[in-house]
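**Q** Before I ask anything, here is the structure I am working with.
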Amino acid sequence: MKNILILHNSLDYNQSGVERVSFLLKKELCDHNYNCFEGCIKGENTTHQQDVFEYNFNDSRKKVSVDFLTYIQKYNIDVIIIQGLFDPNINHAMSYLKKRGVCKIVFCLHNAPSAHNRKKPLSVINRLKILIWYFVKFQMVIFDFRNHRINMLGQMYDIANRFILLSDAYVEEFRSIVKRQDVGKISCINNPLTFQPQQLNFIQKKKVALILGRLDDFQKNISAALRIWKIIEDSGICDWNLIIVGSGIDEQKLRDYAKGINIKNYSFLGATSEPENFYIESPLFMMTSRFEGWPMTLLEAQQCGCVPIAFNTFAALPEVIENGVNGYIVEKNDELQFAKKVIELIKNEPLRQQLAQNCINKCQNYSSKAIGDKWDSLLQRL
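Residues in the sequence shown are numbered consecutively from 4, following this note's numbering.
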């Protein structure tokens, strides 16, 4: 029986899709007779459980590495599964462990590789803060933040025994961006469904379109969704509402933007610990993200018969949505076409119900058990 350490940001499983995936992975691995332990960044929902590994982001590389080794030896850990953490201390610690041959290392990339080649606009002050932080902490200055992140990704690929991508569609993208010709360490495992199977009930559905996620406009592009809803309202549809569930750094900016463009039928409802209820009540789901990996919200929506419409901004999307069968894929930035697809589904209830049923049928390919079996197979081969 192997002992597995699952390492992620937080023990709060409602914090993000990655944490929900970690919770389900732990459950499935336990069902496959693995002993599972957890690790997280200290201060991220810190626990006092003795068998939980917590590392301090601000500790020196040497201390983090020694702390890892001590924990690995104490609990006889066979495999560490790293859930998308990017930190020079983590890379250094994993290299330290690999040289000593104490355990196997599996790294999971929970986004498209190209997402790490994107540059979020930063103010001059924030750039200086980051430069000073790196200089103080690591005695180095990083001038190109994209290259730094790509370099960290390449280092982790070299260190890891297996490197997990979310879809076969990302293999060539990874090879190109990280500049590794040999990609033999890569395995592709999708994220699983997070809810129990649903019996579709159209009576529960309300006249709402749903957006659910982190309110970070750089990635999620929710300002585009607000403009799309303005087009829908201007077309004469006034008895449907746009529901925005989530919180994040751009929440107030988006609230102000919605007022500024004078849309009327919308609500910002804040964060929730029970997203399933919103999916069950909503017939339509809107995703306008600039980039994603394997978004949990698209699977969660479909599992509850909530038909998705999404911009074509990441390579794995056609695996999740078969255009016109269980949702619609719209060319990126074509807000008018996106609005037309939403209007079509609002006005055509039989079509909407058919696509909703197709959603439920298709998403069963991603059941927790099916994904758990893939993980079991991978771990047995390590």
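No residue lacks a Cβ here, since even glycine has one placed at the ideal position from N, Cα and C.
Computed from a predicted structure; not experimentally measured.
Who pairs with Lys-377 in a beta bridge, going by DSSP?
**A** For the purposes of this step, residue 377 is taken as residue 374 along the sequence shown, with counting starting at 1. Partner(s): none; Lys-377 has no beta bridge.
**Q** Cβ of Cys-1 within 7 Å of Cβ of Asn-329?
**A** The structure shown has nothing for residue 1, since the chain only spans 4 to 385.
**Q** Measuring only from the beta carbon, is Ser-170 closer than 6 Å to any heavy atom that is part of the ligand SAM?
**A** Absence of the ligand SAM from the depicted structure is noted, as is the absence of any ligand whatsoever, leaving it without description.
**Q** On the DSSP letters alone, give me the boundaries of the beta strand (DSSP E) that Arg-165 sits inside.
**A** Along the sequence shown, read from residue 1 onward, the residue named residue 165 stands at position 162. Looking at the DSSP string, the run of the beta strand (DSSP E) that includes Arg-165 is 165-168.
**Q** Can you give me the C-alpha to C-alpha distance between Cys-43 and Glu-347, rounded to a whole angstrom?
**A** Translated into positions along the sequence shown, residue 43 becomes position 40. Translated into positions along the sequence shown, residue 347 becomes position 344. Cα to Cα, the separation comes out at about 45 Å.
**Q** List, from N- to C-terminal side, the beta strand (DSSP E) runs of 3 residues or more that fit wholly inside the stretch 282-351.
**A** Counting whole runs of 3 or more residues, the stretch 282-351 contains the beta strand (DSSP E) stretches 287-290, 310-315 and 331-334.
**Q** Which same chain residues, not among the five before or five after Arg-217, have their C-beta less than 8 Å away from its C-beta?
**A** Counted from its first residue, the sequence shown places residue 217 at position 214. Excluding sequence neighbours, Arg-217 sits near Ser-19, Lys-223, Gly-249, Ser-250 and Gly-251.
**Q** Determine the direct distance from the alpha carbon of Leu-385 to that of Lys-372, and round the result to whole angstroms.
**A** As a working mapping, residue 372 is identified with position 369 in the sequence shown. As a working mapping, residue 385 is identified with position 382 in the sequence shown. Near 20 Å, if we compare the C-alpha coordinates of Leu-385 and Lys-372.
**Q** If you measure between the beta carbons of Pro-116 and Glu-57, is that distance less than 7 Å?
**A** Working through the sequence shown from its first residue, we reach residue 116 at position 113. Working through the sequence shown from its first residue, we reach residue 57 at position 54. In this structure, Glu-57 does not lie closer than 7 Å to Pro-116 by Cβ.
**Q** DSSP state of Leu-245, grouped into three classes?
**A** Within the sequence shown, residue 245 is the residue found at index 242, counting from 1. Leu-245: strand per DSSP, three-state reduction.
**Q** Cys-106 by DSSP, collapsed to three states: which one?
**A** Taking the sequence shown and counting its residues from 1, one reaches residue 106 at position 103. Looking at Cys-106 - three-state DSSP - the assignment turns out to be coil, as it is neither helix nor strand.
**Q** Is it a yes or a no for the stretch 208-215 touching the stretch 278-296, going by three-plus beta-carbon pairs under 8 Å?
**A** With a cut-off of 8 Å, the stretch 278-296 and the stretch 208-215 count as touching, because enough Cβ pairs lie within range.
**Q** In the structure shown, what three-state DSSP assignment does Ser-371 receive?
**A** The count along the sequence shown starts at 1 and reaches residue 371 at position 368. Correct three-state label for Ser-371: helix.
**Q** What three-state label does DSSP hand Gln-142 in the structure shown?
**A** Within the sequence shown, the letter at position 139 stands for residue 142. Residue placement at Gln-142 is poorly supported in this model, since its pLDDT is 48, which falls under 50; the coordinates are not used for a value here.
**Q** For a test of the three-state rule: what should DSSP assign to Ser-190, helix, strand or coil?
**A** Along the sequence shown, one-based indexing puts residue 190 at 187. Looking at Ser-190 - three-state DSSP - the assignment turns out to be strand.
**Q** Give me the residue from Pro-353, His-95 and Phe-317 with the minimum Cα distance to Trp-297.
**A** Counting from 1 along the sequence shown, the entry for residue 297 is found at position 294. The residue with the shortest Cα to Cα distance from Trp-297 is Phe-317.
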